[in-house]
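Chains as they are written, first to last, in the working numbering: chain S, 110 to 568; chain X, 110 to 568.
Notes for the one structure printed next.
2 protein chains.
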Amino acid sequence: MMDNCLGAQRSRKIQRAFRHCKVTILCLLLTVVVLRGTIGAGKFGTPEKDLAEIRDHLYFRKRAEPHRVLEEVQTTSENDRAGADSNAGTNNYNEFDIKKILVDEESDDLKHDPNEPYSLGPKISDWDEQRSKWLKENPSYPNFIGPNKPRVLLVTGSSPKPCENPVGDHYLLKSIKNKIDYCRLHGIEIFYNMALLDAEMAGFWAKLPLIRKLLLSHPEVEFLWWMDSDAMFTDMAFEVPWERYKDFNFVMHGWNEMVYDQKNWIGLNTGSFLLRNGQWALDILDAWSPMGPKGKVREEAGKVLTRELKGRPVFEADDQSAMVYLLATQREKWGNKVYLENAYYLHGYWGILVDRYEEMIENYHPGLGDHRWPLVTHFVGCKPCGKFGDYSVERCLKQMDRAFNFGDNQILQIYGFTHKSLASRRVKRIRNETGNPLDVKDELGLLHPAFKAVKVSSS
Amino acid sequence: MMDNCLGAQRSRKIQRAFRHCKVTILCLLLTVVVLRGTIGAGKFGTPEKDLAEIRDHLYFRKRAEPHRVLEEVQTTSENDRAGADSNAGTNNYNEFDIKKILVDEESDDLKHDPNEPYSLGPKISDWDEQRSKWLKENPSYPNFIGPNKPRVLLVTGSSPKPCENPVGDHYLLKSIKNKIDYCRLHGIEIFYNMALLDAEMAGFWAKLPLIRKLLLSHPEVEFLWWMDSDAMFTDMAFEVPWERYKDFNFVMHGWNEMVYDQKNWIGLNTGSFLLRNGQWALDILDAWSPMGPKGKVREEAGKVLTRELKGRPVFEADDQSAMVYLLATQREKWGNKVYLENAYYLHGYWGILVDRYEEMIENYHPGLGDHRWPLVTHFVGCKPCGKFGDYSVERCLKQMDRAFNFGDNQILQIYGFTHKSLASRRVKRIRNETGNPLDVKDELGLLHPAFKAVKVSSS
């Protein structure tokens, strides 16, 4: 397909035209399931968030196999034991599933014996020893690069294919430019993944094998920061309060009550999180992954999650629900090392932020990271790379431009420029140039980041 | 336009359809001018390169104003004095030019008085003093981060607009992913520009005001590495031989004879170069920029360059021709600090490299940087972001995928994977996972880069 890109474009056009026919049916299903979803969640979560999360997963699945939405709407009420089992970790495949897997696009990448339970890789139980030995032997790669400043690797990525929605790649480009800027200012390295390392863990589960591989390959990395491609930094001055997490291994945006008491599927968000390199990380990845394998396992696990979690619509198992379920059911095992952060937006739901940017500019300043100036604006449910031409995606794209420009203004101000408006790509000067450029101080003190970063984190 | 992206897509579709009508006429003109070009250059440069360079500029200009190709074919023989003057630095505008500028897309960004000669910014003559004072006062920002290891900022970028050719953004994304990988391995920071800082210097001249701004804002940066968005790293292991340039300020791929003796417009390439931060850099930027301002100045200067340089086709002044002209006419002033490198591919023309990747894999290994394993493969003339659906761009896209995968294989091998073929996005394992990941050494020793980087540069 890549051998003939113009051909590929043409065929994509045809595919698109074909998909359009499905949109009508899907809108109908959307309404049905959204209603079911809100009724289920309204009491507990923020309905607005639920709607977005539900849209999110519907988009996601629609792109994969639209017609299956129907099947699931029909099978919701079932309480399938097999589902419960598979969720417990035993993957009981049957002829049908194997055929299903073999017709899959990436099927020939599939080495794994369907009779064996899925594993992310060889069991490792002495990673802390291996790692600290390595760190001793390689003093030129300290896992801390300053006081309270761990070495951090930000990991993100996108599909190796061009987006179904052609404009989507432009937003992926803006999203990585935005991350490059934040990471340059805060001394963070970036790994952008475009490869599917494990065909079974495609979709929202792909991050798990990738993260494990990177932790094991980079003992010098203390914290791995996963960030979805549809999340952007909107506070370029905010430094993560690393010292706050010195006794924790896993930091996600969320609320203890919503996860542990309500088992609410949006009690936390897995679109932007910090994971400390160590044996504990390998262990929780192993405990997190069993619901991931594509096909029967993921579908049956989805039923269990929908049954057990508050407000979750019907769809195959996703990594976020699985994490809520894991923490809620095994709090004693993991809870003491998990920090659910809500003092700032490690993840911030775009729906409640994007319309307030002007108000933030009016009243506040970068560096706060919270509702006054969010660190991250996450376009949950927008899937700009997917083909879905309804109004909400149109709104998404407009708002993604605003979020990008909102963040980009903090970079441009360093050099004396700003966007003409949050809606404009165009820039204008905010100060005249001088013959003594080094006397100019940017208000945010972002010009000399590494230093600033450490200073901020220790203040 | 960005306020309504779907609307924008529709309107782009219409524009595209409209442009298609022009392709036929253009192919005709293409042939005419390509012939003229080769006859002019064949004797001196590599005809193959000339053809690509000529295609390059034709694409470039076609996208801007196709019909003008004709005018210029007609006016080639003219030897216009006004052109010579404008090239000498005096910009003589007239009513017509000003009107022309005012109808320009970015016209309202234009603050500059057309009666004043163009300037990149306030005159600075003591930058070396200012900078060394700053470096003394900020020891936490050394301009050298290791023995023979200067602090380097790689600067690249692309238009703030989505590509006219929708698949183009996907190639920009792959291109920046490729740069992120090389720069992470070699301890280089990245600045990705998406803003037009100076409307007058749009197009191939936009890099000049950007580079000046970055040099003045980042005194800690010793070398700025400019790289076009259509250039990709194909040798992830090659470290630039920094010590070789200790007495030089400006490094470009090129040949002394072709620049100084032949005045050949492709005697050097400005798509990938190294510029040392200092007063000398500000001075050469000032000497380089006078042919840049859009409109009459750039057009007249183009005539001078075509008249004075070997093998140059007819089109408005471009930054590369202007640099050849500057060095050829003022060698005594600049030559002693300019290093024209051809021992490795700081820039490598794709046409002579991409078909040899399999042969390179067969016979050589990364780290050589030259014809055996090129550091950079530059897709001169491909303009994947521009709308141009002829065969050569189809070939470009296919070859850009091959170049990306060729470079990406060197990253994937670190983690035990490789692309199934240079034509495939898909990856496969090249070794089994182990319980002792730290005992695995990647053949290229790229796993722990900063160290490697310094080691290579001093070997």
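For every residue, glycine included, the Cβ atom is placed at its ideal position computed from N, Cα and C.
Report task. Go to S:N326, then tell me how far its alpha helix (DSSP H) extends in each direction, as first and last residue. Result -> The residue labelled residue 326 of chain S in the question sits at position 217 within the first sequence. The sequence as given places Ser at residue 326 of chain S; Asn does not occur at that position. Start and end: 316 to 326.
Query raised in the report: Could you check where the alpha helix (DSSP H) with S:E466 kicks off and where it finishes?
Result: Counted from its first residue, the first sequence places residue 466 of chain S at position 357. Before going on, a small fix: residue 466 of chain S reads as Tyr here, not Glu. From DSSP, the alpha helix (DSSP H) with S:Y466 extends over 466 to 472.
Query raised in the report: Can you give, in chain order, each stretch of the beta strand (DSSP E) that sits fully within the region 372 to 432 of chain X and has at least 3 residues?
Result: The DSSP assignment places complete beta strand (DSSP E) segments of no fewer than 3 residues inside the region 372 to 432 of chain X at 377 to 385, in order along the chain.
**Report entry** Residue nearest to X:L547 in terms of C-alpha spacing, selected from S:Q239, S:Y453, S:R293
**Finding:** For the purposes of this step, residue 547 of chain X is taken as the residue at position 438 of the second sequence. Considering only S:Q239, S:Y453, S:R293, the residue with the shortest C-alpha distance to X:L547 is S:Q239.
**Report entry** Whole-angstrom distance between S:T415 and S:F205, CA atom to CA atom
**Finding:** Mapped onto the first sequence, residue 205 of chain S falls at position 96. Mapped onto the first sequence, residue 415 of chain S falls at position 306. Because the pLDDT at S:F205 is just 30, under 50, the model does not fix this residue reliably, and the value given afterwards should be weighed accordingly. Going by the C-alpha atoms only, they are around 23 angstroms apart.
Report task. Note down, in chain order, all residues in the region 542 to 557 of chain X with a beta-carbon under 8 angstroms from any beta-carbon belonging to chain S. Result -> Of all residues in the region 542 to 557 of chain X, only E542, T543, G544, N545, P546, L547, L556, H557 come within less than 8 angstroms of chain S when Cβ atoms are compared, listed by chain position.
Report task. Can you tell me the Cβ-Cβ gap for S:I520 and S:M303, rounded? I've got them flagged as a contact below 8 angstroms. Result -> Residue mapping note: residue 520 of chain S aligns to position 411 of the first sequence, counting from 1. Residue mapping note: residue 303 of chain S aligns to position 194 of the first sequence, counting from 1. With a Cβ gap of about 25 angstroms, S:I520 and S:M303 do not count as contacting.
Query - Spatial distance of S:L556 from X:S249 (CA atoms) - result: As a first step, residue 556 of chain S must be located in the first sequence, where it is residue number 447. As a first step, residue 249 of chain X must be located in the second sequence, where it is residue number 140. Computed Cα separation, rounded: 13 angstroms.
**Report entry** Against chain X: residues of the region 233 to 244 of chain S by CB proximity under 9 angstroms
**Finding:** Listed in sequence order: I233, S234, D235, W236, Q239, R240, K242, W243.
Query raised in the report: Just checking, does the region 387 to 406 of chain S make contact with the region 513 to 528 of chain S on the three C-beta pairs under 8 angstroms criterion?
Result: Segments in contact, no.
Query raised in the report: Is S:S326 close to chain X, meaning its C-beta is less than 8 angstroms from at least one C-beta of that chain?
Result: Indexing the first sequence from 1 puts residue 326 of chain S at position 217. Under the Cβ criterion of 8 angstroms, S:S326 is counted among the residues facing chain X.
Query raised in the report: Between which two residues does the beta strand (DSSP E) carrying X:Y291 extend?
Result: For the purposes of this step, residue 291 of chain X is identified with residue 182 of the second sequence, where counting begins at 1. Segment 277 to 294 is the alpha helix (DSSP H) holding X:Y291; no beta strand (DSSP E) there.
Query raised in the report: So what's X:K209 in DSSP terms, helix, strand or just coil?
Result: Counting from one through the second sequence, the residue named residue 209 of chain X turns up at place 100. Residue confidence is low: X:K209 scores 31 on pLDDT, short of 50, so the model does not pin down where it sits. Its coordinate-derived value is still stated next. The answer is helix: DSSP assigns X:K209 an H, G or I state.
Requested in this report: Whole angstroms is fine: what's the gap from S:V61's alpha carbon to X:L319's?
Outcome: Absent from the structure is residue 61 of chain S, since the part of chain S shown begins at 110 and ends at 568.
Report task. Give, in chain order, every residue of the region 277 to 291 of chain X whose Cβ lies closer than 9 angstroms to some Cβ of chain S. Result -> Within the region 277 to 291 of chain X, the residues whose Cβ lies closer than 9 angstroms to some Cβ of chain S are G277, D278, H279, Y280, L281, L282, K283, I285, K286, I289, D290, listed in chain order.
Query raised in the report: For the region 338 to 353 of chain X against the region 477 to 494 of chain X, are there 3 or more C-beta pairs whose distance is under 8 angstroms?
Result: Flag = yes, the region 338 to 353 of chain X and the region 477 to 494 of chain X touch.
**Report entry** X:G420 versus X:S533 - alpha carbon distance
**Finding:** Taking the second sequence and counting its residues from 1, one reaches residue 420 of chain X at position 311. Taking the second sequence and counting its residues from 1, one reaches residue 533 of chain X at position 424. Using only the alpha carbons, I get a separation of about 38 angstroms.
Report task. Specify, as a first and last residue, the run of the beta strand (DSSP E) that S:K537 falls within. Result -> Working through the first sequence from its first residue, we reach residue 537 of chain S at position 428. Per DSSP, the unbroken beta strand (DSSP E) holding S:K537 starts and ends at 536 to 538.
Query raised in the report: What separation, rounded to the nearest whole angstrom, lies between the Cα atoms of X:D237 and X:L244?
Result: Locating residue 237 of chain X in the second sequence gives position 128, counting from the first residue. Locating residue 244 of chain X in the second sequence gives position 135, counting from the first residue. Taking the CA atoms as reference points, X:D237 sits about 10 angstroms from X:L244.
Query raised in the report: So X:E450 is in the beta strand (DSSP E); what residue range does that whole segment cover?
Result: Working through the second sequence from its first residue, we reach residue 450 of chain X at position 341. Element bounds for X:E450: 447 to 450.
Report task. Under 9 angstroms between beta-carbons, which chain S residues line up against X:V536? List them in chain order, please. Result -> Residue 536 of chain X sits at position 427 when you count from the first residue of the second sequence. Near X:V536 (Cβ distances below 9 angstroms), the residues of chain S are D218, P269, A304, L305, L306.
**Report entry** Beta-bridge pairing of X:Y458 - partner residues as DSSP gives them
**Finding:** By 1-based counting over the second sequence, the position of residue 458 of chain X is 349. In the DSSP secondary-structure assignment, X:Y458 is bridged to X:H487.
Query raised in the report: Mind pulling the chain X residues with CB within less than 9 angstroms of S:P248?
Result: Here residue 248 of chain S corresponds to residue number 139 of the first sequence, with the count starting at 1. Within chain X, not a single residue places a beta-carbon under 9 angstroms from that of S:P248; the smallest gap is close to 10 angstroms.
Query raised in the report: Is there a Cβ from chain X that is less than 8 angstroms from the Cβ of S:R293?
Result: For the purposes of this step, residue 293 of chain S is taken as the residue at position 184 of the first sequence. S:R293 has a beta carbon lying within less than 8 angstroms of a beta carbon in chain X.
Query - In DSSP terms, what X:E298 is bridged to - result: Locating residue 298 of chain X in the second sequence gives position 189, counting from the first residue. X:L262.
Query raised in the report: Got a sec: which bits of the region 446 to 480 of chain S sit with their beta carbon under 7 angstroms from any beta carbon on chain X, in order along the chain?
Result: Per Cβ criterion, the list is empty.
Report task. Report the partner residues of X:F526 according to the DSSP bridge assignment. Result -> Locating residue 526 of chain X in the second sequence gives position 417, counting from the first residue. The partner list for X:F526 (beta bridge, DSSP) reads X:R538.
Report task. Give a yes or no on contact between the region 360 to 380 of chain X and the region 455 to 463 of chain X, applying the rule of three or more CB pairs nearer than 8 angstroms. Result -> Yes, since at least three Cβ pairs between the region 360 to 380 of chain X and the region 455 to 463 of chain X fall closer than 8 angstroms, the two stretches touch.
Query raised in the report: From the beta carbon of S:Y354, is the nearest beta carbon of chain X less than 8 angstroms away?
Result: The sequence position of residue 354 of chain S within the first sequence is 245, counting from 1. Closer than 8 angstroms: no.
Report task. Check the Cβ of S:E273 against every Cβ in chain X and list those closer than 7 angstroms, keeping chain order. Result -> The residue given as residue 273 of chain S occupies position 164 in the first sequence. Residues of chain X passing the Cβ test: none, with the nearest at roughly 11 angstroms.
Query raised in the report: On the three-state DSSP scale, how would you describe S:T438?
Result: If you number the first sequence from 1, residue 438 of chain S lands on position 329. In the structure shown, S:T438 sits in a helix (DSSP, three-state: H, G or I).
Query raised in the report: Which two residues bound the contiguous alpha helix (DSSP H) that contains S:L244?
Result: The sequence position of residue 244 of chain S within the first sequence is 135, counting from 1. Residues 236 to 246.
**Report entry** Residues that DSSP places opposite X:H362 in a beta bridge
**Finding:** The sequence position of residue 362 of chain X within the second sequence is 253, counting from 1. Bridge partners of X:H362: X:N378, X:E450.
Requested in this report: Between the Cα of S:T438 and those of S:D235, S:N373, S:P328, spot the shortest distance and give me the residue it belongs to.
Outcome: By one-based count along the first sequence, residue 438 of chain S stands at place 329. The closest CA to that of S:T438, considering only S:D235, S:N373, S:P328, is found on S:N373.
Query - Bounding residues of the beta strand (DSSP E) (the contiguous stretch that carries X:I254) - result: Residue numbering aside, residue 254 of chain X sits at position 145 when the second sequence is read from its first letter. Its beta strand (DSSP E) spans residues 253 to 255.
Query raised in the report: How would you write the range of the beta strand (DSSP E) that S:M336 sits in, first residue to last?
Result: As a first step, residue 336 of chain S is located in the first sequence; it is residue number 227 there, counting from the start. 332 to 336 is the extent of the beta strand (DSSP E) around S:M336.
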